[in-house]
Structures are given as structure tokens and as C-alpha cells.
């Protein structure tokens, strides 16, 4: 194993931790794969998904070890929401195969700034949502389909959007939202990997190395985030979103 392989595992561990606690690890991984490992942008985008899907499994196991379930909305509703997001991811990944990323990154940086404002401001859900969980869930079905399209297109920042959607529309805590996120990301990533794989845009070696690191980072981050609670997750999100927005705008 070369030193670059070990470096990729280390970076995978760091980004697995970041992805699990808040999100945005892909904004580190993608430039590294493109600039340092020489992968074309589309191949980097596809390769990143291998680590992510393994990371979600170990993150979920970590949450489970702390008695936090990824089925906070109930098993059927949680899985259905994941499948809706999977449907969106199939569309988004198909678009990503030939889409120029430069312009999309600028739009994404603006989206991340909006997420930052909402994270700091933390608006309270309307009484319509808190008193009518069914309405909040119906909104979630639509929102997560859109998030799925975005996540299939480019993974970076998906975690932020999901945490906000779960906490605002479904009145879940940040810890519960994080656990739910692992289930939904796992399901949508299946679709994204399928699209990238059939188009030959995955480097399996680098994907496996990332997966090793992502798995370790996801396991430790899930257990750590439960112990620290919502406040630490919120602080982590603010820092991660800020860095991500700046990076995407100038990258």
C-alpha cells in the first residue's frame, strides 16, 4: 500500500466524521480526488459514493449502540421517505454524468449560505406542522424527492439539507435527524452508485480506500454526536457550512 493510499484512508476518516456529525465532507473529498489523485470530476463524484454508502452503515450501527434509531418516524414512513429520495437520486445522478459542475457549485454555495442562516436563526416550525405530523410528513415526501435529485447530482451538502428538513418538518432533534439521515442517504446512494457504475465513472480502488476511512469516521462520529447532543451538532454545522460555502464559490 502506497503512502497516497494511506492518505486517502485518513482523509476518508476525517470526512466520514464530518458527514456523520453534520454534512459537507464531500466538498473536501471531491477536490482531493480531482486535484491530487487526478480523477475526472464525474469519476470523482461517482467514486465518492462508495465510501458514503459504507459510512452510513457504520454510522447507523454507531447510533444503534447508543440506542438512537434511524427509524424515528416509524419503520414504514422512514423507509418510504428513503425510497422517495432514491427515486430523486436516480434522476440527479443521470444529470450529473454530463453536467458542467462549475456553475452548479456557485448556486450550491448560495444554498449553503441559506442553510447557514437557517441553522443559526433556527426558526420554529409552524403550528400547522407541529400539531399535524401527517402534514409535515407529506411536505417531507416532496422535499426529500428534491433533495434526492440534488444528492444524486452531487453529494456535497446533502446532510445539511436533510437535518434541516427532519428537524423543521418533522420536529426531530438534531441527533434523531442525524440518525434518520443515515438511512435515507444509504438508500439514495444505492441509486447513485448504480447510475455512475453503469456509466463507468467509479474508480473502485479509491472508492474502497475511502470506504475504509469513512467507516471509521462514521462509527466514531455517530457515538460522539449522541454523547454531545444537539448544541455541539449545531455548532459543527455552522462551521462546516461556512467553510463549504466559501470553498464552493471559489473552487
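Numbering (the numbering used here), first residue to last: 17 to 267. Every residue gets a Cβ at the ideal spot worked out from N, C-alpha and C, and that includes glycine. Quick caveat: nothing in here was measured; it's all calculated off a predicted structure.
Checklist entry - On the three-pair Cβ rule with 8 angstroms, is the segment 200–216 touching the segment 91–102? => result Touching, yes, given that three or more Cβ pairs across the two stretches are closer than 8 angstroms.
Checklist entry - Are the CB atoms of residue 219 and residue 35 nearer to each other than 9 angstroms? => result Not a contact, by the Cβ cut-off of 9 angstroms.
Item to check | Neighbourhood of residue 70 by C-beta distance below 7 angstroms, restricted to the same chain and skipping five residues each side | outcome: Result list for residue 70: 227, 230 and 231, in chain order.
Item to check | Residue of 224, 194 and 67 minimising C-alpha distance to residue 89 | outcome: The shortest Cα separation from residue 89 among 224, 194 and 67 belongs to 194.
Next on the checklist: When you compare the CB positions of residue 76 and residue 189, do they come within less than 9 angstroms of one another, or not?
Outcome noted: Cβ atoms of residue 76 and residue 189: not closer than 9 angstroms.
Item to check | Beta carbon of residue 170 nearer than 9 angstroms to that of residue 61 | outcome: Yes, they are a contact pair.
Next on the checklist: Going by beta-carbon coordinates alone, are residue 21 and residue 185 separated by less than 9 angstroms?
Outcome noted: Contact: no.
Checklist entry - When the Cα of residue 65 is compared with those of 235, 196, 74 and 167, which residue comes out closest? => result Measuring from the Cα of residue 65, the nearest candidate turns out to be 167.
Item to check | Residue from 41, 26, 86 and 108 whose Cα sits closest to the Cα of residue 172 | outcome: Among 41, 26, 86 and 108, the Cα nearest to that of residue 172 belongs to 41.
Checklist entry - Between 73, 161, 109 and 158, which lies nearest to residue 59 when the distance is taken from Cα to Cα? => result Nearest C-alpha to residue 59 among 73, 161, 109 and 158: 109.
Checklist entry - Alpha carbon to alpha carbon, what distance is there between residue 81 and residue 104? => result Residue 104 and residue 81 have their C-alpha atoms spaced approximately 30 angstroms apart.
Next on the checklist: Helix, strand or coil for residue 88? Go by DSSP, reduced to three states.
Outcome noted: Annotated three-state conformation of residue 88 is coil, per DSSP.
Next on the checklist: Along the chain, where does the alpha helix (DSSP H) containing residue 53 start, and where does it finish?
Outcome noted: In the DSSP annotation of this structure, residue 53 is not part of any alpha helix (DSSP H), being labelled neither H nor E.
Checklist entry - Ordered along the chain, which non-local residues of its own chain (more than five positions away) have a Cβ less than 8 angstroms from that of residue 209? => result The answer, listed in chain order, is 62, 65, 66, 69 and 218.
Checklist entry - Is the CB-CB distance between residue 223 and residue 33 below 9 angstroms? => result With contacts defined as CB atoms closer than 9 angstroms, residue 223 and residue 33 fail to qualify as a contacting pair.
Next on the checklist: Given this structure, state the Cα-to-Cα distance separating residue 31 from residue 174, to the nearest angstrom.
Outcome noted: Whole-angstrom Cα-Cα distance: 13 angstroms.
Item to check | Euclidean distance between Cα positions of residue 197 and residue 92 | outcome: Taking the Cα positions, residue 197 is about 15 angstroms away from residue 92.
Checklist entry - Using the C-alpha atoms, what's the distance from residue 155 back to residue 165? => result Each residue's Cα considered, the two are about 16 angstroms apart.
Checklist entry - For the putative contact between residue 48 and residue 25, defined by C-beta atoms under 8 angstroms, what is the C-beta separation to the nearest angstrom? => result Rounded, the Cβ-Cβ distance is 12 angstroms, inconsistent with contact.
Item to check | Complete alpha helix (DSSP H) runs within the segment 152–234 (minimum length 4 residues, chain order) | outcome: As far as the segment 152–234 is concerned, its whole alpha helix (DSSP H) runs of at least 4 residues are 174–185 and 190–214.
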